[in-house]
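In our numbering, the protein residues as written are 7 to 159.
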Amino acid sequence: MIEVDVTSPSPPYEQIRSQLAELIRCGVLGVGTRLPPVRQLAADLGLAAGTVARAYKELEQSGYVSGKRGGGTRVLAQPEPRAARADLIRGHARAYLTEVARLGGSIEEAVAALSEVATAAEAVAVSDAVVSDARQGRASDEPSGGRSRLGPL
Numbered sequence: 007m008i009e010v011d012v013t014s015p016s017p018p019y020e021q022i023r024s025q026l027a028e029l030i031r032c033g034v035l036g037v038g039t040r041l042p043p044v045r046q047l048a049a050d051l052g053l054a055a056g057t058v059a060r061a062y063k064e065l066e067q068s069g070y071v072s073g074k075r076g077g078g079t080r081v082l083a084q085p086e087p088r089a090a091r092a093d094l095i096r097g098h099a100r101a102y103l104t105e106v107a108r109l110g111g112s113i114e115e116a117v118a119a120l121s122e123v124a125t126a127a128e129a130v131a132v133s134d135a136v137v138s139d140a141r142q143g144r145a146s147d148e149p150s151g152g153r154s155r156l157g158p159l
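Laid out in structure tokens, this is it:
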């Protein structure tokens, strides 16, 4: 879910903070969701615990999370996550189209590429669901109760 690019000019704690803040703003991480313990996330990302602790501290100071010793760090309520999510999706779409234009591509090429990738991703999700159901001894026409296993894009 969280990725850190060590070649980025942005420090790792800021990358963690901004990615978690975005997930909270758009409602992917709902109210009350417990974030991974600092040491666990640090180990998963191959970073020092202090780096993750700083990201969590900044999230707490910004009102995204609340941390309690022994109780973990939990997501706090945010105003209108659906609107924030739509704004974030539009922002990512603008950035994608800007990059396509920089490469000399057209809007039609960008839309065709998105459609192709989405179709391939859905095929993989359906295939994964069928295999999972088969392993669990169930037959299912729809993966995950009709929801995409891809999660938010």
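Even glycine gets a Cβ: it sits at the ideal position worked out from N, Cα and C.
Quick check on Val-34: does DSSP put it in helix, strand or coil? Here the question's residue 34 lines up with position 28 in the sequence shown. Of the three classes helix, strand and coil, the one that applies to Val-34 here is coil, per DSSP.
Val-44, enclosing alpha helix (DSSP H) - first and last residue: Locating residue 44 in the sequence shown gives position 38, where the first residue counts as 1. 44-51 is the extent of the alpha helix (DSSP H) around Val-44.
Can you tell which of Arg-75, Asp-93, Gln-67 and Gly-52 has its C-alpha closest to the C-alpha of Leu-29? As a first step, residue 29 is located in the sequence shown; it is residue number 23 there, counting from the start. If you compare the alpha carbons of Arg-75, Asp-93, Gln-67 and Gly-52 with that of Leu-29, the shortest gap goes to Asp-93.
So for Ser-121, helix, strand or coil by DSSP? One-based indexing of the sequence shown puts residue 121 at position 115. When secondary structure is reduced to three states using DSSP, Ser-121 falls in the helix class.
If distances are taken between C-alpha atoms only, which option among Gly-36, Arg-31 and Ala-61 comes closest to Arg-45? By one-based count along the sequence shown, residue 45 stands at place 39. Ranking Gly-36, Arg-31 and Ala-61 by Cα distance to Arg-45 puts Ala-61 first.
For the region 58-87, list the alpha helix (DSSP H) runs that are entirely contained and at least 4 residues long, ordered along the chain. none
Any heavy atom of the ligand GTP within a distance shorter than 8 angstroms of the CB on Glu-20? For the structure depicted, the ligand GTP is absent and the ligand set is empty, with no information on it obtainable.
Leaving out five residues on either side along the sequence, give the residues of the same chain with a beta carbon under 6 angstroms from the beta carbon of Leu-53. On the sequence shown, residue 53 is found 47 positions in, with the first residue counted as 1. Correct list, in chain order: Pro-18.
Can you grab the Cα-Cα spacing for the pair Arg-91 / Gln-84, in whole Å? The residue given as residue 91 occupies position 85 in the sequence shown. The residue given as residue 84 occupies position 78 in the sequence shown. Going from the Cα of Arg-91 to the Cα of Gln-84 covers about 12 angstroms.
Which residue wins for smallest C-alpha separation from Glu-66, given the options Pro-43, Thr-79, Leu-51 and Thr-57? In the sequence shown, counting from the first residue as 1, residue 66 sits at position 60. Closest by alpha carbon: Thr-79.
Using alpha carbons as the reference points, say which of Leu-47, Gly-38 and Thr-13 lies closest to Arg-23. As a working mapping, residue 23 is identified with position 17 in the sequence shown. When only C-alpha atoms are compared, the closest one is Leu-47.
Nearest-angstrom Cα distance between Ala-27 and Gly-110? As a first step, residue 27 is located in the sequence shown; it is residue number 21 there, counting from the start. As a first step, residue 110 is located in the sequence shown; it is residue number 104 there, counting from the start. In this structure, the CA atom of Ala-27 is about 33 angstroms from the CA atom of Gly-110.
Length of the line joining the Cα atoms of Pro-42 and Gly-76: Residue numbering aside, residue 42 sits at position 36 when the sequence shown is read from its first letter. Residue numbering aside, residue 76 sits at position 70 when the sequence shown is read from its first letter. Near 13 angstroms, if we compare the C-alpha coordinates of Gly-76 and Pro-42.
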